[in-house]
Each structure stands twice: as C-alpha cells, then as structure tokens.
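Undergrad: What follows is a single structure, and I will ask about it in a moment.
In this note's numbering, the protein residues as written are 4 to 182.
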C-alpha cells in the first residue's frame, strides 16, 4: 500500500465512512488536534523513563485513536468503529482522583514546566484544550453524541494532574504564579 494517494492534492480528504471534506473543516481540525495530542502523549511516554504512567499512556493513546475514528465517522454511519462512550470520562476521573491523593493541595495557579515529562504533559494539556474548542465548533454542524465533550474536557484535567504528579514523583518543585 502506498502512503501517498494524491487524492488530497485538491485540499480535500476522505472520511472513514466515505465522502470527502475540505481539510480545514471543523471535523478535520478536531481530529487533527486529537492526532497531535496523541503524538505529544507518545513523546511524554518516551520521557517517562521511570514508568510512572506506563499503563496510563497506553490507555490514553488507545482512547485517542478511538476518539479520532469517532470524529471521522458520523454517528449514523454503517461502519462499526470503536467510539468514545459515556463511561470513558468517569474512568479518567478515577485516575485524577488516584493521582491527587498523593499530591499536595493546590493553593496557587502554577506555571507550566518543571521536569521534561511534566513540561510535555502541559503541552499535551493545551493541545487537548484546543481539540476541545474545535470539537465544540464541530457540534454546531455535526451530531457527535454526548460522550465526546465530557471526555476531552476531563482528559485535559487529567493531563494537568499528571504533570503535577510527574514533578512530584521526580522531586521537581512546582513554580507558583504569584501575581
């Protein structure tokens, strides 16, 4: 199978369930941001040399592939694909709560940074927020169901907590924002 098809040379791309859309459509921008987010998690995973989050990264990257497929496939499509389900957001809450049990209480806003792993997780968090904005824009023209928006919102919360947890486990102090 060739990696290039030349079918996108006109500024359009094919959807999983068929049909073509412009590459700057909300749908493509949304799952493009999800793809970028997944790449940042891959980078963070490579920086996690002490395997603090080994199982978590695997779970999140697989869920993000599901999210990308979900966004690329209309709800009523005949294609059977893995989709984000309503139980996915609460599963992220379980992880947030688990990590927060060990963390000192948050009393100030913190500046993104610290260890290389935490810094990459902060970048991933901001990409998740951008993906969320694109997904919200997409909902103006496309029914994406009820599970995706809570999931992506909770995911950025989890990435923030993971960044804090990475710094905590690696002995790197947080840098509070004091106005």
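Glycine is no exception: its CB is placed at the ideal position from the N, C-alpha and C atoms.
Would you mind listing the alpha helix (DSSP H) stretches within the region 8-63 that are 4+ residues and don't spill past its ends, in chain order?
TA: Qualifying alpha helix (DSSP H) stretches, in chain order: 29-50.
Undergrad: Among 123, 131, 49 and 148, whose alpha-carbon lies nearest the alpha-carbon of residue 158?
TA: For the purposes of this step, residue 158 is identified with residue 155 of the chain shown, where counting begins at 1. Nearest option by C-alpha distance: 131.
Undergrad: Residues in the same chain with beta-carbon distance under 7 Å from residue 124, minus the five sequence neighbours each way, listed in chain order, please.
TA: Against the chain shown, residue 124 aligns to sequence position 121. Excluding residues within five positions, the ones whose Cβ falls inside 7 Å are 47, 162, 165, 166 and 169.
Undergrad: Is DSSP giving residue 99 helix, strand or coil here?
TA: Here the question's residue 99 lines up with position 96 in the chain shown. Looking at residue 99 - three-state DSSP - the assignment turns out to be helix.
Undergrad: Classify residue 149 as buried or exposed, calling it buried when 16 or more other Cβ atoms lie within 10 Å of its own Cβ.
TA: In the chain shown, the residue the question calls residue 149 occupies position 146. Its Cβ having fewer than 16 others within 10 Å, residue 149 is exposed.
Undergrad: Please list, in chain order, all residues of the same chain as residue 146 whose beta carbon is under 6 Å from its beta carbon, the five residues on each side excluded.
TA: Within the chain shown, numbered from 1, the residue matching residue 146 stands at position 143. Within its own chain, the residues whose Cβ lies closer than 6 Å to the Cβ of residue 146, once the five positions on either side in sequence are excluded, are 78, listed in chain order.
Undergrad: Looking at residue 19: is its Cβ nearer than 8 Å to the Cβ of residue 69?
TA: The sequence position of residue 19 within the chain shown is 16, counting from 1. The sequence position of residue 69 within the chain shown is 66, counting from 1. Not closer than 8 Å, so no.
Undergrad: From the DSSP secondary-structure annotation, give me the bridge partner or partners of residue 113.
TA: To locate residue 113, count along the chain shown from 1; it is residue 110. Beta-bridge pairing links residue 113 to 179.
Undergrad: When the Cα atoms are used, what is the spatial distance from residue 40 to residue 182?
TA: Here the question's residue 40 lines up with position 37 in the chain shown. Here the question's residue 182 lines up with position 179 in the chain shown. Cα to Cα, residue 40 sits roughly 30 Å from residue 182.
Undergrad: Note the first and the last residue of the continuous alpha helix (DSSP H) segment covering residue 122.
TA: The residue you call residue 122 lines up with position 119 of the chain shown. Unbroken alpha helix (DSSP H) run through residue 122: 119-141.
Undergrad: Examine the Cβ distances between the region 55-73 and the region 85-101 and report whether three or more of them are shorter than 8 Å.
TA: yes
Undergrad: How would you label residue 111, buried or exposed, when you count the other beta carbons within 10 angstroms and need 16 or more for buried?
TA: Here residue 111 refers to the residue found at position 108 when the chain shown is read from its first residue. Classification of residue 111: exposed, given that the 10 Å Cβ count is below 16.
Undergrad: Buried or exposed: where does residue 7 fall if 16 or more other Cβ atoms within 10 Å of its Cβ makes it buried?
TA: Along the chain shown, one-based indexing puts residue 7 at 4. Its Cβ having fewer than 16 others within 10 Å, residue 7 is exposed.
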